[in-house]
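As structure tokens, this is what we get:
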């Protein structure tokens, strides 16, 4: 538990807090500052670090950190985009041929969203998951016995949900074994790709399962502790000690990590491109740029969240404004004028 605590606190204090922590809705600024100081003391091995009761750690601190560190306010699929507003309502735009952009009217307060191939999944504040859109493979059939969930990830035709106890449940297409969760996994983060699944375990190790045709599940053996994972259609990216590593399909250069990158706060993987948010707020994209999905607008300024779709990219600026660029054939880059600034995506 202590290793997972360090990993989560490290995320929270080294850049992930840019877009993951809400403005006082779930925790006070003072409490957040205390956690940050705890992280600093623990990393330094300070004798002043207070011992944590197991109950406090497992039932309160870890669930809180999992929720905030893993929260994602925007999602980009192949032909549609979704944004989570501060009032807990979901706004989706672009392709809606199968209802993937129509959030159910009776959905509760939403705290996270993920978009797959023509379907969308949302995580409610009560820990329940709701999915809508394409359901040919059962990717929207949320299991009835699914416990409280802290994160959800939608892939090509499958969905994975991280439960509060660290267990993982995946459902939908399993033709490549992408839903066959190995026993004994204790996960703190999950990313569903095209036909593979990437899990960040509580010990900082990465485990992948499912399709490995392009080596997207061949995790480098010399990785240090990992804090972030992302799954594209056929490639995988991880961040270890602030450094980005990508492996798998590389026909567009989506795994050719620029040598000039600084420390990474967030990473997003699309079909043939990869985008990273540096801790200084600069957004960098590389790989396939056939539709301009890697042409970051010059006026984007400091970015606080990013999502990579099939061949488009969306980002939240520091002022909360959502911008999208790249393929717009289905209107997936036409941000509604009525969309309020996504201020809860920003800093404390």
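Residue numbers (mature numbering (1 follows the signal peptide of the UniProt record, and there is no 0)): -17 to -1, 1 to 331.
Ideal Cβ placement from N, Cα and C applies to all residues, glycine included.
Here's the rule I'm using: 16 or more other beta-carbon atoms within 10 Å means buried, otherwise exposed. How should residue 199 be labelled?
buried
Residue closest to residue 191, alpha-carbon to alpha-carbon, out of 103, 213, 278 and 252:
213
So, residue 154 versus residue 184, is the Cβ gap smaller than 8 Å?
no
Can you tell which of 235, 173 and 204 has the C-alpha that lies nearest to the C-alpha of residue 332?
In the structure displayed, the chain extends from -17 to 331; residue 332 sits before or after that span and is not available.
By the three-class DSSP mapping on this structure, what secondary structure does residue 296 have?
strand
Mapping DSSP to helix, strand and coil, what is residue 217?
coil
Supposed close pair residue 74, residue 68 - CB separation, criterion 8 Å:
6 Å
Go ahead and label residue 224 buried or exposed: buried means 16 or more other beta carbons lie within 10 angstroms of its beta carbon, across all protein chains shown.
exposed
Would you give the residue range spanned by the beta strand (DSSP E) that residue 305 belongs to?
305 to 309
Using alpha carbons as the reference points, say which of 201, 221 and 217 lies closest to residue 207.
221
Count the other C-beta atoms from every protein chain shown that fall within 10 angstroms of the C-beta of residue 4, then say buried if there are 16 or more, exposed otherwise.
Summary for residue 4: the model assigns pLDDT 32, below 50, so the residue's position carries little reliability; its value from the coordinates is reported in the next sentence. Burial call: buried.
For residue 323 and residue 166, I'd like the C-alpha separation in whole angstroms.
43 Å
Residue 239 to residue 231, Cα distance in whole Å?
11 Å
Express the C-alpha separation of residue 319 and residue 297 in angstroms, rounding to a whole number.
13 Å
Residues of its chain near residue 305, where Cβ-Cβ distance is below 7 Å and the 5 sequence neighbours each way are ignored:
57, 66, 297, 299, 318, 322 and 325
With DSSP run on the structure shown, which of helix, strand or coil describes residue 315?
coil
Residues near residue 247 in its chain [Cβ-Cβ closer than 8 Å; skip 5 each side]:
-3, 211, 222, 225, 226, 227, 259, 260, 261 and 262
Once the 5 residues before and after residue 193 are set aside, which same chain residues still bring their CB inside 6 Å of it?
159, 160, 161, 178, 179 and 180
Smallest Cα separation from residue 138: which of 78, 278, 277 and 118?
118
Taking residue 144 as the reference, which of 128, 173 and 215 has the closest Cα?
173
For a test of the three-state rule: what should DSSP assign to residue 76, helix, strand or coil?
strand
Identify whether residue 134 lies in helix, strand or coil by the three-state DSSP scheme.
strand
Every unbroken beta strand (DSSP E) inside the region 250 to 299 [3 residues or more]:
256 to 261, 266 to 270 and 286 to 291
Sorry if obvious, but does the Cβ on residue 89 come closer than 7 Å to a heavy atom of the ligand GTP?
With respect to the ligand GTP, the structure offers nothing, as it holds no ligand at all.
On the premise that residue 251 lies in contact with residue 290, defined as a C-beta separation below 8 Å, what is that separation, rounded to the nearest angstrom?
5 Å
Return yes when the Cβ of residue 115 is within less than 8 Å of the Cβ of residue 133, no when it is not.
no
Helix, strand or coil for residue 354, going by three-state DSSP, please let me know.
Nothing about residue 354 can be read from this structure; the chain reaches only from -17 to 331.
By Cβ distance, which residues of its chain are closer than 8 Å to residue 110, with the 5 residues on each side in sequence left out?
130, 131, 132, 133 and 147
8 Å CB neighbourhood of residue 90 in its chain, flanking five on each side removed:
73, 105, 107 and 113
Where residue 105 sits in the DSSP three-state scheme:
strand
For residue 145, the residue or residues it bridges with in DSSP
134 and 151
Have a look at 285, 71, 311 and 309 and flag the residue whose alpha-carbon is nearest the alpha-carbon of residue 303.
285
I need the DSSP call for residue 191, collapsed to helix, strand or coil.
strand
Neighbourhood of residue 255 by C-beta distance below 6 Å, restricted to the same chain and skipping five residues each side:
235, 237, 270 and 271
For residue 180, which residues does DSSP report across the bridge?
175 and 192
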